[in-house]
Ligand SMILES: Cc1ncc(COP(=O)(O)O)c(C=O)c1O
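Numbering (my numbering), first residue to last: 142 to 460.
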């Protein structure tokens, strides 16, 4: 007889790092500048993010009193909102103030991840057309205690059957909340019992994973897909900047799965998980099957870079 009570298999690394942190039970969340306890943090059923995923977002990380690449995240949020023709987009300074106030109210200065969401706002009645939006954007600042979500030692990935959008469908330069193709890819990774799924572009080249960018290491050089179909991630940009600074050759080009399987090393990059070694892809062991020296060096350099170039929290004096 089938056992219906069996809990679904979830990759161990994921469940270990993503269980509910008790410190997050009573956090305060900012909705349109108003701080409310987590249990009461609600938005309207008429909000555009509920009606059509019509919103843009950023994931930010706080390192010892500093927010990594804060100005660049705010710029990307505003560019995404502008591309979607949102009205009355809040300025960087307005958003900055709300983010700082949220962190201060929660006493968060480290090991914190912030999910910043800007939706097109409330509609006067349900429907798709932005003409129904007449009262400006909704801004949500959700700050949580959250150390990097992937293990430093490495993860296994599979390739998803779901493709990333092309610019002909939905431009990956817009960091939007229409995440269903990435979610379908994440489900494939869950079913396969691995941490993440590599997504190809429409031409079959590697684009990124469902939630991170990807780098290969070959003969000491870094290789990463062109940002045609992937999100041009800010951590990806940091890795490229670090490579330039340290005279490591880094090339953006089309990359095939064969190049991933036969790379010396591979790693993913993203604000949520920082740099994470990829040890196995579609059952092929990558390089030695352990974190490689280039990946380890860049993990360390990235943490230093994220902190050194971070924007200081004005309420935190211990710098
Ligand atoms: C699909 C996807 N790729 C890559 C990234 C990494 O981007 P970043 O380095 O700016 O966090 C993200 C993060 O939001 C993402 O959602």
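Ideal placement from N, C-alpha and C gives every residue a C-beta, glycine not left out. Please read all numbers here as calculations on a predicted model, not as lab measurements.
Using a Cβ-based criterion (distance less than 6 Å to any ligand heavy atom), does residue 372 qualify as near ligand 1?
Numbered from its first residue, the chain shown carries residue 372 at position 231. The answer is yes for residue 372.
If you pair each beta-carbon of the segment 281-298 with each one of the segment 420-430, do three or more pairs fall below 8 Å?
yes
With residue 245 as the anchor, note down where its alpha helix (DSSP H) starts and where it stops.
As a first step, residue 245 must be located in the chain shown, where it is residue number 104. Segment 233-247, the alpha helix (DSSP H) holding residue 245.
Please list the terminal residues of the continuous alpha helix (DSSP H) segment that includes residue 223.
Taking the chain shown and counting its residues from 1, one reaches residue 223 at position 82. Unbroken alpha helix (DSSP H) run through residue 223: 211-224.
Ligand 1 and residue 345: does any heavy atom of the ligand fall closer than 6 Å to the residue's C-beta?
As a position in the chain shown, residue 345 is number 204, starting the count at 1. No, the Cβ of residue 345 stays beyond 6 Å of every heavy atom of ligand 1.
Residue 418 lies in the beta strand (DSSP E); which residues open and close that run?
Here the question's residue 418 lines up with position 277 in the chain shown. 415-422 is the extent of the beta strand (DSSP E) around residue 418.
Determine which residues share a DSSP beta bridge with residue 196 and list them.
Reading the chain shown from its first residue, position 55 is the one you call residue 196. Its beta-bridge partners are 260.
C-alpha gap between residue 455 and residue 241, whole angstroms
Sequence index remark: in the chain shown, residue 455 carries index 314 (1-based). Sequence index remark: in the chain shown, residue 241 carries index 100 (1-based). Roughly 8 Å separates the two Cα atoms.
Decide if the segment 302-321 is in contact with the segment 192-205; the criterion is three or more beta carbon pairs, one per stretch, under 8 Å apart.
yes
When DSSP builds the beta bridges, which residues end up paired with residue 456?
Taking the first residue of the chain shown as 1, we reach residue 456 at position 315. For residue 456, which the question treats as bridged, DSSP gives no partner whatsoever.
Using the Cβ count rule (16 or more neighbours within 10 Å means buried), how would you classify residue 385?
The sequence position of residue 385 within the chain shown is 244, counting from 1. Exposed is the call here.
Please say whether residue 376 and residue 411 have beta carbons closer to each other than 7 Å?
Within the chain shown, numbered from 1, the residue matching residue 411 stands at position 270. Within the chain shown, numbered from 1, the residue matching residue 376 stands at position 235. It is a contact, given that the beta carbons lie within the stated cut-off.
So residue 380 is in the alpha helix (DSSP H); what residue range does that whole segment cover?
To locate residue 380, count along the chain shown from 1; it is residue 239. Segment 375-386, the alpha helix (DSSP H) holding residue 380.
Nearest to residue 439 (by Cα), restricted to the options 381, 402, 167, 431:
Counting from one through the chain shown, the residue named residue 439 turns up at place 298. Per the Cα distances, 381.
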